[in-house]
Amino acid sequence: MDEELFKTAPKEVTRYFEAKALVPSFDWRDVAPEEHAFSFTVAKSVGYDILDDFKAAVGEAIKQQLPFQDFQKNLIPILQEKGWWGKKTSIDPLTGEKSLVQLGSPRRLETVYWANTMSAHAAGEWERTQNNKEFLPYLTYALSSSEHKRLEHESWVGFTAPVDDPVWDWLYPPNGWRCKCSVRQVSRYEAENLGYEDDAAPLQVEQKAWHNKRTGKVEKIPKGIDPGWNSNPGKHRAQNLSHFLSDKISMMGDNRKRIALEDIVGSPLLEAMFEGRLPRGFIPIAPMINKVGDVFAADSSLVCLSSDSVKHILLEHQARALHLSDFRGAIQTLIKPHGAIRRKDTQGVIFFGENDGVWWRFAVKFVASKQEWWLTSMHKKSFSEIKRLLNAAEKKGERLL
Numbered sequence: 001m002d003e004e005l006f007k008t009a010p011k012e013v014t015r016y017f018e019a020k021a022l023v024p025s026f027d028w029r030d031v032a033p034e035e036h037a038f039s040f041t042v043a044k045s046v047g048y049d050i051l052d053d054f055k056a057a058v059g060e061a062i063k064q065q066l067p068f069q070d071f072q073k074n075l076i077p078i079l080q081e082k083g084w085w086g087k088k089t090s091i092d093p094l095t096g097e098k099s100l101v102q103l104g105s106p107r108r109l110e111t112v113y114w115a116n117t118m119s120a121h122a123a124g125e126w127e128r129t130q131n132n133k134e135f136l137p138y139l140t141y142a143l144s145s146s147e148h149k150r151l152e153h154e155s156w157v158g159f160t161a162p163v164d165d166p167v168w169d170w171l172y173p174p175n176g177w178r179c180k181c182s183v184r185q186v187s188r189y190e191a192e193n194l195g196y197e198d199d200a201a202p203l204q205v206e207q208k209a210w211h212n213k214r215t216g217k218v219e220k221i222p223k224g225i226d227p228g229w230n231s232n233p234g235k236h237r238a239q240n241l242s243h244f245l246s247d248k249i250s251m252m253g254d255n256r257k258r259i260a261l262e263d264i265v266g267s268p269l270l271e272a273m274f275e276g277r278l279p280r281g282f283i284p285i286a287p288m289i290n291k292v293g294d295v296f297a298a299d300s301s302l303v304c305l306s307s308d309s310v311k312h313i314l315l316e317h318q319a320r321a322l323h324l325s326d327f328r329g330a331i332q333t334l335i336k337p338h339g340a341i342r343r344k345d346t347q348g349v350i351f352f353g354e355n356d357g358v359w360w361r362f363a364v365k366f367v368a369s370k371q372e373w374w375l376t377s378m379h380k381k382s383f384s385e386i387k388r389l390l391n392a393a394e395k396k397g398e399r400l401l
């Protein structure tokens, strides 16, 4: 795989993949296309303790730009040791039937590697596209670099539409197994030179019926696009974030809620607050741990961060400049804190967390009259000091986590 692949938007790409939850499955058709934006799965993984190993290996390949040869070299011995290799008899949890199935093989590893690295790259590119659409508001379908090109995909080359056109719900590549198609983001001027017209008829593509034998559902899929690839993973994540910010949190499961929070912290919203471009705003940044919230009889399940608190935090760290990447990484630890103690003198909680070897102390205030949690300050601490604080709180009965 081209080493340049992950140099385009590495932070967006790695964050997209790392946020996925593990979901064992027996067949790739068991997981809906849009769910792949939130879940990491490997077919025939049910009953085997391998998903953590797979996710760690794929995550490392994405982060370090490892070619497939290095990916499989490191992973194969682990899978063989755990018995997930070759052909074995397995029971399908859906039907209860026994059958001889293919577990690990070089071809299967290549499929897992390709599907996950390409979809992560596409999602990262989509996020970058959204960030740049004010200046480059159009996408144009680009020629594939594959030696054997699909006829339908070739017919889409040069098609141009606004970034937010619904056509990119299904046309945004990759559009099939090992598809190497791409899009270019262009200006209004270039879009018009490519033949784009505002009143042009929508792209017409024949719809084919596909029967998912695992679910029994029949789906309409555009001709030329493989089942399972008729979606835009980056857009699903963006829509998930939009629902979250639109107070639809009650409709979300814990996994999607967690991912939305991680996406918010990684989004331009936090960057705008950090740079002073959002002077009167606030964003949710972490779920409040139920065990902690119950102590305060709190209904609110979110910790928020205001622009005023960001200014205060930056002033406190003025002597030792706090970088945006450190700020983001520190806040991410609030999603899964190492520990927490109650502050008896105020309605608040002190959380502790670690990011890249640096330990942080967070002060979170509870405003009972409004049922709101707010991050008010954060400071670097040594692990020995945090350990001392937690031990002292435990003796006083003030430790919550």
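The letter at position 149 of the sequence shown is residue 149 when you use full-length UniProt numbering, and the numbering goes up by one with no holes.
By construction, the Cβ of each residue, glycine as well, lies at the ideal position given by its N, Cα and C atoms.
Distance CB(Ile335)-CB(Glu262) smaller than 8 Å: Yes, the pair counts as a contact, with Cβ atoms nearer than the cut-off.
The region 130-138 / the region 64-84 touching (three or more Cβ pairs under 8 Å): These segments do not touch.
Residue from His323, Lys217, Val295, Pro77 with nearest C-alpha to Gly397: It is Val295.
Complete runs of the alpha helix (DSSP H) confined to the region 61-123 [at least 4 residues]: For the region 61-123, whole alpha helix (DSSP H) runs of length 4 or above, ordered along the chain, are 68-81.
Identity of the residues DSSP links to Gly339 by a beta bridge: Per DSSP, Phe352.
Residue range of the beta strand (DSSP E) that includes Leu305: For Leu305, the uninterrupted beta strand (DSSP E) segment begins and ends at 302-306.
Burial state of His148 (16 or more Cβ within 10 Å): That one is exposed.
The region 52-59 touching the region 283-302, judged by at least three CB pairs closer than 8 Å: When C-beta atoms of the region 52-59 are compared with those of the region 283-302, fewer than three pairs fall below 8 Å, so the two segments do not count as touching.
Sequence-distant residues of its chain with Cβ nearer than 7 Å to residue 424 (five each side left out): Nothing can be reported for residue 424, as the shown portion of the chain is limited to 1 through 401.
Residue range of the beta strand (DSSP E) that includes Lys365: Looking at the DSSP string, the run of the beta strand (DSSP E) that includes Lys365 is 358-367.
Contacts around Asn230, its chain only, beta-carbon distance under 7 Å, and the 5 residues preceding and following it disregarded: Contacts found: Pro33, Trp170, Ile221, Pro222.
Opening and closing residue of the alpha helix (DSSP H) in which Trp170 lies: Note, Trp170: alpha helix (DSSP H), 168-171.
Simplified DSSP assignment, three categories, for Glu219: Glu219 falls in the strand class under three-state DSSP.
Chain-order list of residues whose beta-carbon lies under 6 Å from that of His211 (same chain, five-residue window excluded): Once the five neighbours on either side are set aside, the close Cβ partners of His211 are Val218.
Coil, strand or helix - residue 407 by DSSP: Past the edges of the chain, shown from 1 to 401, lies residue 407, and the structure says nothing about it.
Cut-off 7 Å between Cβ atoms - residues of its own chain near Gln102, not counting five sequence neighbours on either side: Scanning its chain for C-beta atoms nearer than 7 Å, with the 5 sequence neighbours on each side dropped, one finds around Gln102 the residues Lys87, Arg108, in chain order.
Run of the alpha helix (DSSP H) containing Ile150, from where it starts to where it stops: Sequence check: residue 150 is Arg here, not Ile. No alpha helix (DSSP H) contains Arg150, which DSSP labels as neither H nor E.
Closest by C-alpha distance to Glu125, when choosing among Leu151, Tyr172, Arg150: The residue with the shortest Cα to Cα distance from Glu125 is Tyr172.
Simplified DSSP assignment, three categories, for Glu372: Here DSSP, grouped into helix, strand and coil, assigns Glu372 to strand.
Residues sharing a beta bridge with Arg178, DSSP: Beta-bridge partners assigned by DSSP to Arg178: none are found.
Same chain, Cβ closer than 7 Å to Gly348, neighbours up to 5 away in sequence not counted: Here Gly348 has Ala363, Val364, Lys365, Phe366 as same chain residues with Cβ atoms under 7 Å from its own Cβ, once five neighbours each way along the sequence are excluded.
Rounded C-alpha distance that separates Asn391 from Asn355: Whole-angstrom Cα-Cα distance: 21 Å.
Given Asn193 as reference, the closest of Thr160, Asn175, Cys179, Trp177 once Cα atoms are compared: Comparing Cα positions, the closest option is Thr160.
Helix, strand or coil at Asp30 [DSSP, three-state]: Because Asp30 sits at a pLDDT of 49, beneath the cut-off of 50, its placement in the model cannot be relied upon, and the following sentence gives the value as read from the coordinates. Three-state DSSP puts Asp30 in a helix.
Alpha-carbon spacing of Leu322 relative to Ile331, whole angstroms: Taking C-alpha positions only, Leu322 is separated from Ile331 by approximately 13 Å.
Range of the contiguous beta strand (DSSP E) that encloses Gly208: Gly is not the amino acid found at residue 208; the sequence shown has Lys there. Taken as a continuous stretch (DSSP letters only), the beta strand (DSSP E) holding Lys208 covers 207-211.
Cα-Cα separation between Val265 and Gly224, rounded to whole angstroms: Near 37 Å, if we compare the C-alpha coordinates of Gly224 and Val265.
8 Å Cβ cutoff met for Pro287 and Lys311: Taking 8 Å as the cut-off, the Cβ atoms of Pro287 and Lys311 do not count as close.
Per DSSP, the bridge partner or partners of residue 403: A question about residue 403 goes unanswered here, because the residues of the chain that appear run from 1 up to 401.
Whole-number beta carbon distance between Met378 and Trp359, since they are thought to touch under 8 Å: Contact flag wrong, Cβ pair sits at about 11 Å.
Gln207 burial status per 10 Å Cβ neighbour count (16 or more: buried): Around the Cβ of Gln207, a 10 Å sphere holds fewer than 16 other Cβ atoms; the residue is exposed.
Between the CA atoms of Phe351 and Ile386 - distance to the nearest angstrom: Those two C-alpha atoms are separated by around 10 Å.
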